[in-house]
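Beneath this line is the structure, given in structure tokens, with notes to follow.
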Amino acid sequence: MDTKILADLLFPNVTKTPADLDAEFPPRSLPEGAIVSRMAPSPTGFVHLGNLVQGITSERMCHQSGGTLFLRVEDTDAKREVPGAVQVLIESLKHYSIHFDEGATIDGDAGNYGPYRQRQRAHLYHVYAKQLVLQGEAYPCFCTEEELSDIHAKQEAEKANYGYFGKWAVWRDRPLEDIKAALDAGKPWVLRYRSTGSIENKIKFTDLIKGNLELTENDIDHVLLKSDGIPTYHFAHAVDDHLMHTTHVVRGDEWLPTLPFHLQLFRALGFKPPKYLHIGPLMKMDGESKRKLSKRKDPELALTYYRAAGFPVQSVYEYLMTVLNSNFEDWRRANPDAPVDSFKFSYKKMNPAGSLFDAAKLRDVSKNVISRMDVDTVYAEVLDFAKDFDIDLYDHLTADESYAKSILAIGRGGKKPRKDFAVMADVKPYLDFFYDDWFTVTDAYPEGFAKEDIKAALQGFVATYDPADDSGVWFDKIKAVADGLGFASDMKAYKENPSAFKGSVADVSMFLRVAVTGRLNSPDMYSVMQILGRDRVFARINAMIETL
RNA sequence: GGCCCGUUAGUCAAGCGGCUAAGACGUCGCCCUCUCACGGCGAAGGCAUGGGUUCGAUUCCCGUACGGGUCACCA
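Under the numbering used here, read the first sequence as residues 125 to 672, first letter to last.
Rendered as structure tokens:
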């Protein structure tokens, strides 16, 4: 068959050649060893953990090597696209500190290798499509959906392998007249790759994460161009990553089965294939068994889930970092205050297998991240969460900013900071008693004590409390009250002979705690009282005395 | 079903032919001049399995089992 005739028939308007495009998109001038990679999500309106895992990996590799990271929107499937999804995508990636050097932005494209939205690149793909037809390595196929499912059904019946290949590839070797006739009849067509591979052959391949792999050659005549003229992922991947000079492709390992086809394509097109990093999936426990996190079943896959739960961005980022490079944890312990990007990320540390998503671990990481934040940062984080998810909390915290901050400052800073919050939703139950309208007097007194003693202890405290005292003096006074009532002021003495006392200074402190905070647990009472102020402390203590 | 990937404690994981097989989370215990939150100390718990190769295998090879992925005009 004369491929020239066919090529012109199929792509009459394509005049450019691959050489023209190579001239249009010359290599970037980057230092030796610089990595160029991309994030290439499809705009489904749903940004998930997997996107982020892949994004962080690409981002670190590019920027640590002095290279370039770009964002390419894979919007080849018009059917699935959700309106406004591109914006959501760009904004949440930015939110999670994935910074792009070029690519799609909310306002349009930035960079010299665009367009960065695939649907706008149709003319580029067609140049290569025509080239493949010319080389006899692609052909049109006019099968309808029904015909294809018939083929599939027959294959099932015959227990043959599925797919459009060999004798099943009914349009593969049709004479030109048939094609012309179909074209003239206005039948829709797709462009298929003419595979010369065989499943009898194996190809060797080295993945940067998985290591040496042996894969079966591809013998399927995959679709290159859909009937709307827009490429499939495979074809777009080859063309785009060539023209954009991608050096490393990071993607999920669900792509491994189609990798042989991709390699075939790069060869057919005369492209140098990039290095690949195939990441194992994030899994979760589902009853007894593990399975890949699925976006239909698992809300925790969506980034928005973490925001609603009150995890700071930094927490999710650091958790994912520990999953990607487990030595990150050790590094973080040794460098508690260093910015995350001073950590030396290495793809060599990445696990070839999938990992189970560990919510408990996320919480732990998050506690540490939050405990390292300064007051202003925590305050901002809480507000950011509260304004969308707990407006009542937001109103309380903003009513008196410095008061709120003084609460959040308790136990913050220093070598052993408090770790009360894993998520911002933990904040309200932690500090509600600082607000009078949230505070409730409790009658759940510590058990095992005479009411008279509790009352006397509270009165004794009120008689001597002075907010000007430092914590040492403050506590000495409480000890004095304890002693006066037959409670041990010395914990050691108490432990050696508990029956010699009515209780200890710990119990006296508990009386105060219950009176002042309405609960059994609280941060350090000295700090609490300092923040509450003398009048409110006394009011609460007196209110409790009334009930005794 | 075909093809492919994977398998170190409940989980995340170091390890890369010779180690009493790190560490972290979780769990449990003890300690810590006021509880909690921290912090400290300690405990339980592991190389899926059968064959090789080797003086020696968690580490290399093959099989089995189990887990996962993929077989679209979706990415």
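Cβ atoms here follow ideal geometry from the backbone N, Cα and C, with glycine treated the same way. It should be emphasised that the depicted structure is a prediction, and the values quoted were computed from it without experimental measurement.
Hey, could you find the ends of the beta strand (DSSP E) residue i is sitting in?
i: Met185; result: Taken as a continuous stretch (DSSP letters only), Met185 belongs to no beta strand (DSSP E), being part of the alpha helix (DSSP H) at 173–188.
i: Ser623; result: Neither: Ser623 is in no beta strand (DSSP E) and is coded neither H nor E.
i: Asp512; result: Counting along the chain, Asp512 falls outside any beta strand (DSSP E), though it belongs to the alpha helix (DSSP H) covering 499–513.
i: Glu571; result: It is not in any beta strand (DSSP E) - Glu571 carries neither H nor E in the DSSP assignment.
i: Asp162; result: The sequence given here has Arg at residue 162, not Asp. 160–163 is the extent of the beta strand (DSSP E) around Arg162.
i: Glu269; result: First-last for Glu269: 269–282, but that is the alpha helix (DSSP H), not the beta strand (DSSP E).
i: Glu226; result: 226–229
i: Val565; result: Element bounds for Val565: n/a, residue is neither H nor E.
i: Val464; result: Looking at the DSSP string, Val464 is not in any beta strand (DSSP E), and its letter there is neither H nor E.
i: Asp233; result: 232–234
i: Val347; result: 347–349
Please report how far the alpha carbon of residue i lies from the alpha carbon of residue j, in whole angstroms.
i: Val210; j: Arg457; result: 37 Å
i: Val597; j: Met649; result: 13 Å
i: Asp92; j: Pro647; result: Any question about residue 92 goes unanswered here, given that the chain covers just 125 to 672.
i: Leu272; j: Leu517; result: 58 Å
i: Val551; j: Thr268; result: 59 Å
i: Asp233; j: Gln242; result: 12 Å
i: Ala580; j: His520; result: 34 Å
i: His402; j: Gly191; result: 20 Å
i: Leu387; j: Leu349; result: 17 Å
i: Pro355; j: Glu205; result: 15 Å
i: Thr588; j: Val652; result: 17 Å
i: Lys473; j: Tyr443; result: 15 Å
i: Tyr263; j: Tyr317; result: 7 Å
i: Asn342; j: Thr382; result: 8 Å
i: Ala528; j: Lys539; result: 23 Å
i: His276; j: Ala284; result: 9 Å
i: Asn459; j: Phe662; result: 44 Å
i: Glu571; j: Pro622; result: 16 Å
i: Leu555; j: Glu226; result: 44 Å
i: Tyr237; j: Val363; result: 12 Å
i: Val115; j: Val489; result: Because the chain here runs from 125 to 672, residue 115 falls outside it and cannot be looked at.
i: Gly208; j: Leu217; result: 15 Å
i: Ser479; j: Leu154; result: 35 Å
i: Ala504; j: Thr428; result: 18 Å
i: Tyr220; j: Val565; result: 42 Å
i: Glu301; j: Leu133; result: 12 Å
i: Leu195; j: Asp659; result: 58 Å
i: Ala592; j: Arg431; result: 41 Å
Tell me which residue opens and which closes the alpha helix (DSSP H) that residue i is part of.
i: Ile669; result: 658–671
i: Gly584; result: 575–588
i: Leu444; result: 437–448
i: Phe359; result: 357–367
i: Asp302; result: 300–308
i: Val597; result: 595–608
i: Val212; result: 209–219
i: Leu133; result: 127–134
i: Leu387; result: 383–393
i: Arg296; result: No alpha helix (DSSP H) holds Arg296; DSSP gives it neither H nor E.
i: Lys472; result: Lys472 -> no alpha helix (DSSP H), and no H or E assigned at all.
i: Asp146; result: 142–148
i: Ala630; result: 629–641
i: Pro553; result: 551–555
So residue i packs on residue j, CB below 8 Å; how close in whole Å?
i: Glu183; j: Ile222; result: 5 Å
i: Leu339; j: Pro384; result: 5 Å
i: Phe135; j: Ala253; result: 7 Å
i: Phe149; j: Leu367; result: 5 Å
i: Leu258; j: Lys128; result: 6 Å
i: Ala360; j: Phe170; result: At roughly 20 Å, the Cβ-Cβ gap does not stay under 8 Å, so Ala360 and Phe170 are not in contact.
i: Phe545; j: Ile494; result: 5 Å
i: Leu389; j: His358; result: 6 Å
i: Leu145; j: Val251; result: 6 Å
i: Phe563; j: Gly642; result: 6 Å
i: Gly404; j: Asp377; result: 6 Å
i: Met185; j: His369; result: About 15 Å separates the two Cβ atoms, so there is no contact after all.
i: Ser470; j: Asn449; result: 6 Å
i: Val640; j: Ala606; result: Incorrect: roughly 17 Å between the Cβ atoms, too far for contact.
i: Phe558; j: Ile655; result: 7 Å
So if DSSP puts residue i in a beta bridge, which residue, or which two residues, is it bridged to?
i: Val373; result: Tyr400
i: Ile327; result: Leu339
i: Tyr317; result: Ala262
i: Ser479; result: Leu406
i: Phe194; result: Arg162, Glu226
i: Ala612; result: Ser628
Which residue spans inside the region 240–264 form an unbroken beta strand (DSSP E) run of at least 3?
-> none
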